[in-house]
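So for the sequence shown, this note's numbering puts the first residue at 5; every next one is plus one. Heads up, the beta-carbon is just placed ideally off N, CA and C, and yes, glycines get one too. Fair warning: this is a prediction, and the values are worked out from it, not measured in the lab. Reviewing the structure listed below.
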Amino acid sequence: MTTIAPESSTVKRALSAHAAIGLLAGALLYIVSLSGTLAVFYQEFQRIEQPRAPEMASIDPQAVQRGVEAVLAREKGKPLATHLYVHLPVEGLPRTVITTDTQAVHIDRTGKIAGKEEIAWSDFLAQLHYMLNIPGLFGFILVGILGVMMLTLSLSGVIAHPRIFRDAFRLRARDKGGLGLADWHNRMSVWTLPFILAISLTGALIGTAGLTAYGIGATGYKGDMEAVYASIFGPEGKPDTKAAPAPNIAAALDYMAAHYPGQRLTYVTLHDPLTAGQHVQIVGTFERRLVFGEYYDFDAAGRFIGRAGISDGPAGRQMAASNYNLHFGNFGGLPVKMAYFILGMALTAICATGTYIWLGKRERRGIGAPRIRAAWDAVVWGSPLILALAFVLRKTLGNDLPLVAIFWGGLAAILVAAWFFAAPGQIAKLLKRALVLACGLGSVLALAGF
Numbered sequence: 005m006t007t008i009a010p011e012s013s014t015v016k017r018a019l020s021a022h023a024a025i026g027l028l029a030g031a032l033l034y035i036v037s038l039s040g041t042l043a044v045f046y047q048e049f050q051r052i053e054q055p056r057a058p059e060m061a062s063i064d065p066q067a068v069q070r071g072v073e074a075v076l077a078r079e080k081g082k083p084l085a086t087h088l089y090v091h092l093p094v095e096g097l098p099r100t101v102i103t104t105d106t107q108a109v110h111i112d113r114t115g116k117i118a119g120k121e122e123i124a125w126s127d128f129l130a131q132l133h134y135m136l137n138i139p140g141l142f143g144f145i146l147v148g149i150l151g152v153m154m155l156t157l158s159l160s161g162v163i164a165h166p167r168i169f170r171d172a173f174r175l176r177a178r179d180k181g182g183l184g185l186a187d188w189h190n191r192m193s194v195w196t197l198p199f200i201l202a203i204s205l206t207g208a209l210i211g212t213a214g215l216t217a218y219g220i221g222a223t224g225y226k227g228d229m230e231a232v233y234a235s236i237f238g239p240e241g242k243p244d245t246k247a248a249p250a251p252n253i254a255a256a257l258d259y260m261a262a263h264y265p266g267q268r269l270t271y272v273t274l275h276d277p278l279t280a281g282q283h284v285q286i287v288g289t290f291e292r293r294l295v296f297g298e299y300y301d302f303d304a305a306g307r308f309i310g311r312a313g314i315s316d317g318p319a320g321r322q323m324a325a326s327n328y329n330l331h332f333g334n335f336g337g338l339p340v341k342m343a344y345f346i347l348g349m350a351l352t353a354i355c356a357t358g359t360y361i362w363l364g365k366r367e368r369r370g371i372g373a374p375r376i377r378a379a380w381d382a383v384v385w386g387s388p389l390i391l392a393l394a395f396v397l398r399k400t401l402g403n404d405l406p407l408v409a410i411f412w413g414g415l416a417a418i419l420v421a422a423w424f425f426a427a428p429g430q431i432a433k434l435l436k437r438a439l440v441l442a443c444g445l446g447s448v449l450a451l452a453g454f
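Listed below in structure tokens is the structure:
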């Protein structure tokens, strides 16, 4: 009698492929969680990475004007930059940085260029979390999909354990046979559930924003993507490529000081610099609000044009403008950052222990997988180790190191060593010791202001 059922060998290969895909997704989710937890201190890492950059609590508008003109003067002979950004000093990062398409420099309180911005490791860490260092829209979408996966796992985990809230404070921390690890996993999942839901939802929205905008543009704006973004952030303005002098940014900043004195200004964006179509946008933030700020538009002469209406516009616009701060904890200062760090570490541990629980269940059924366990040990302990080593290398060898290649190449090397050469349990012990040493060395370099 013929059957259409697949052979047992085919089933085993399919199950192996299924497990491999699940482990890959779990590893990426772990790396995104780990890097996001560290990226909460993105501003602080910048100050540690480049400790001698000039700092100031505030900067005079005329000094900003001088700095912008000096940077634009260095752009001569290069292709015209599409944007120029001025990061104004804020509490977490009291530095003024001017960035174009080709350069990023610090300026001192007088507006003089004080040197290049050199924060390669901090930027690498942020890009690892945003897009797993994958260039283009695909990286953001992949991380957004991982956010959806995290949201799904959180909700399904609650549904799958009907007594999970009742047992929230029942912890068999030292039980053998996998019960202790499962209890830690479940209790941390319950205790951090509101945080996980907020982080995964906002992460999914941020990661898939480009894809969502494309869909909205195709269906509601006849493919006009600029119109989609203009509905949230305000219009870009009509381009006019005729040459023009530097705009009067000081006048725009003076206007903000006179008419919006209670707002903390964070960014100045110059669109299409040194062209007749250039215009200025200034971002002002609000106390006790989750929205990242409000855009204020000015022409090249520094005359006020209007606001984008992010802070008091439609509810959907305000929600979209609140995702970033809610995701990264950029509100409430250092206490909120510390809370996000602790909760983020718990989330990272949940990602790690979930796979260990799955491997333990397989082993108790007699399906041992020492290579897979060693590979997972390599992911869990190798990822923070390579991040720490990359920081040490950046501090000792300079800002131009290929940190993306160092991280992914180093992690791949550890995975290969774990898969082919490590005895059961050996790789975890070695990596833990190396991680302690790397973190210690990185701390010494940071404290020494090296």
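Open item on the list: I'd like the span of the beta strand (DSSP E) that includes D301, first residue to last.
Closed with: Working through the sequence shown from its first residue, we reach residue 301 at position 297. Per DSSP, D301 belongs to the beta strand (DSSP E) from E298 to F302.
TODO: Closer than 6 Å by C-beta to T103: which residues in its own chain qualify, once you throw out the five before and the five after it? Chain order, please.
DONE: The sequence position of residue 103 within the sequence shown is 99, counting from 1. Here the set comprises Y89.
Task: Candidates R398, H87 and I52, of which the one nearest P491 by Cα - done: Here the chain covers residues 5 to 454 and nothing more, so residue 491 does not appear.
Task: Proximity of L92 and L269 at Cβ, strictly below 8 Å - done: As a position in the sequence shown, residue 92 is number 88, starting the count at 1. As a position in the sequence shown, residue 269 is number 265, starting the count at 1. Closer than 8 Å, so yes.
Task: Per-residue DSSP class, three states only, for G310 - done: Along the sequence shown, read from residue 1 onward, the residue named residue 310 stands at position 306. In the structure shown, G310 adopts extended strand secondary structure according to DSSP, grouped into three states.
Task: Enclosing alpha helix (DSSP H) for T106 [first to last residue] - done: Against the sequence shown, residue 106 aligns to sequence position 102. Where T106 is concerned, there is no enclosing alpha helix (DSSP H), given that its DSSP letter is neither H nor E.
TODO: Whole angstroms is fine: what's the gap from V68's alpha carbon to D276's?
DONE: If you number the sequence shown from 1, residue 68 lands on position 64. If you number the sequence shown from 1, residue 276 lands on position 272. So the two alpha carbons sit approximately 18 Å from each other.
Task: Where the alpha helix (DSSP H) through G119 begins and ends - done: What you label residue 119 is simply residue 115 of the sequence shown in a count that begins at 1. Careful: G119 lies outside any alpha helix (DSSP H), inside the beta strand (DSSP E) at I117 to K120.
Task: Top-ranked residue by Cα proximity to H110, from H283, Y264 and R70 - done: Start at 1 with the first residue of the sequence shown, and residue 110 comes out as number 106. Of the listed residues, the one whose Cα sits closest to H110 is R70.
Task: Endpoints, alpha helix (DSSP H) assigned at Q282 - done: Indexing the sequence shown from 1 puts residue 282 at position 278. Looking at the DSSP string, Q282 is not in any alpha helix (DSSP H), and its letter there is neither H nor E.
Open item on the list: Can you list, in chain order, the residues of its chain with a C-beta nearer than 6 Å to that of G143? Leave out the 5 residues immediately preceding and following it.
Closed with: Looking up residue 143 in the sequence shown gives position 139. Correct list, in chain order: M135 and L136.
Open item on the list: If you reduce the DSSP assignment to three classes, tell me which class L19 lands in.
Closed with: Working through the sequence shown from its first residue, we reach residue 19 at position 15. Confidence in L19 is poor, its pLDDT being 48 and thus under 50, which makes the residue's placement too unreliable to answer from.
TODO: Identify every run of the alpha helix (DSSP H) within the stretch 305-368, keeping only runs that are complete inside it and at least 4 residues long; order them along the chain.
DONE: If we require 4 residues or more, the alpha helix (DSSP H) runs fully inside the stretch 305-368 come out as 319-324, 327-332 and 337-368.
Task: CB-CB length for F411 against A394, believed under 8 Å - done: Taking the first residue of the sequence shown as 1, we reach residue 411 at position 407. Taking the first residue of the sequence shown as 1, we reach residue 394 at position 390. So it is a contact: roughly 6 Å between Cβ atoms.
Task: Boundaries (first-last residue) of the beta strand (DSSP E) holding L269 - done: The residue given as residue 269 occupies position 265 in the sequence shown. It spans R268 to H275 - the beta strand (DSSP E) in which L269 sits, taken as one unbroken run.
Open item on the list: Between the alpha carbons of S193 and L439, how many angstroms are there, rounded?
Closed with: For the purposes of this step, residue 193 is identified with residue 189 of the sequence shown, where counting begins at 1. For the purposes of this step, residue 439 is identified with residue 435 of the sequence shown, where counting begins at 1. Roughly 26 Å between the two C-alpha positions.
Task: Proximity to L157 [Cα-Cα], best of T100, S62, T359 and L415 - done: The count along the sequence shown starts at 1 and reaches residue 157 at position 153. When only C-alpha atoms are compared, the closest one is T359.
- [ ] With a 10 Å radius around its C-beta and 16 neighbouring C-beta atoms as the bar for buried, classify Q458 as buried or exposed.
- [x] In this structure the chain extends from 5 to 454, so residue 458 is not present and cannot be described.
Open item on the list: Which residue marks the beginning of the alpha helix (DSSP H) containing L92, and which one marks its end?
Closed with: Taking the first residue of the sequence shown as position 1, residue 92 is located at position 88. Per DSSP, L92 belongs to no alpha helix (DSSP H) and is neither H nor E.
TODO: Express the C-alpha separation of L363 and A373 in angstroms, rounding to a whole number.
DONE: Numbered from its first residue, the sequence shown carries residue 373 at position 369. Numbered from its first residue, the sequence shown carries residue 363 at position 359. So the two alpha carbons sit approximately 8 Å from each other.
Open item on the list: For a test of the three-state rule: what should DSSP assign to G444, helix, strand or coil?
Closed with: For the purposes of this step, residue 444 is taken as residue 440 along the sequence shown, with counting starting at 1. G444: helix per DSSP, three-state reduction.
Open item on the list: Buried or exposed for L401, going by 16 or more other Cβ atoms inside 10 Å?
Closed with: Here residue 401 refers to the residue found at position 397 when the sequence shown is read from its first residue. Counting the other Cβ atoms within 10 Å of the Cβ of L401 gives fewer than 16, which makes it exposed.
- [ ] Give the straight-line distance between the Cα atoms of E122 and L185, rounded to the nearest whole angstrom.
- [x] Working through the sequence shown from its first residue, we reach residue 122 at position 118. Working through the sequence shown from its first residue, we reach residue 185 at position 181. Rounded to the nearest angstrom, the two C-alpha atoms are 42 Å apart.
- [ ] State the DSSP-derived secondary structure class of V295, mapped to helix, strand or coil.
- [x] Taking the first residue of the sequence shown as position 1, residue 295 is located at position 291. Note: V295 maps to coil in three-state DSSP.
TODO: Give the straight-line distance between the Cα atoms of P58 and L407, rounded to the nearest whole angstrom.
DONE: Within the sequence shown, residue 58 is the residue found at index 54, counting from 1. Within the sequence shown, residue 407 is the residue found at index 403, counting from 1. About 25 Å.
Task: Which of helix, strand or coil DSSP assigns to G148 - done: Your numbering for residue 148 matches position 144 in the sequence shown. Of the three classes helix, strand and coil, the one that applies to G148 here is helix, per DSSP.
Open item on the list: A382 and I418 - do their beta-carbons sit closer together than 8 Å?
Closed with: Indexing the sequence shown from 1 puts residue 418 at position 414. Indexing the sequence shown from 1 puts residue 382 at position 378. For I418 and A382, yes; Cβs fall inside 8 Å.
Open item on the list: How far does the alpha helix (DSSP H) with K242 in it extend, from its first residue to its last?
Closed with: Position 238 of the sequence shown, counted from the start, is the residue given in the question as residue 242. No alpha helix (DSSP H) contains K242, which DSSP labels as neither H nor E.
Task: Residue environment, I8, which counts as buried when at least 16 other CB atoms sit within 10 Å - done: Translated into positions along the sequence shown, residue 8 becomes position 4. Legend: pLDDT at I8 = 49, less than 50; position of this residue unreliable, value from coordinates given subsequently. I8 is exposed by the Cβ-count criterion.
- [ ] Along the alpha helix (DSSP H) that carries M260, what are the first and last residues, could you check?
- [x] In the sequence shown, residue 260 corresponds to position 256, counting from 1. For M260, the uninterrupted alpha helix (DSSP H) run begins and ends at I253 to H263, by DSSP.
Task: Rounded straight-line distance, which links the Cα of G337 to that of E291 - done: Along the sequence shown, one-based indexing puts residue 291 at 287. Along the sequence shown, one-based indexing puts residue 337 at 333. Near 11 Å, if we compare the C-alpha coordinates of G337 and E291.
Open item on the list: Just list the residues that DSSP pairs G288 with in beta bridges.
Closed with: One-based indexing of the sequence shown puts residue 288 at position 284. Beta-bridge pairing by DSSP links G288 to L269 and E298.
TODO: Please classify A31: does DSSP put it in a helix, a strand, or coil?
DONE: In the sequence shown, counting from the first residue as 1, residue 31 sits at position 27. Helix at A31.
Open item on the list: Buried or exposed for T86, going by 16 or more other Cβ atoms inside 10 Å?
Closed with: Within the sequence shown, numbered from 1, the residue matching residue 86 stands at position 82. It is exposed - the Cβ of T86 has fewer than 16 other Cβ atoms within 10 Å.
Task: Supposed close pair S4, I35 - CB separation, criterion 8 Å - done: A query on residue 4 cannot be resolved here, the shown segment of the chain reaching from 5 to 454 and no further.
Open item on the list: Buried or exposed for T41, going by 16 or more other Cβ atoms inside 10 Å?
Closed with: Your numbering for residue 41 matches position 37 in the sequence shown. Burial check for T41: the Cβ neighbour count within 10 Å reaches 16 or more, so the residue is buried.
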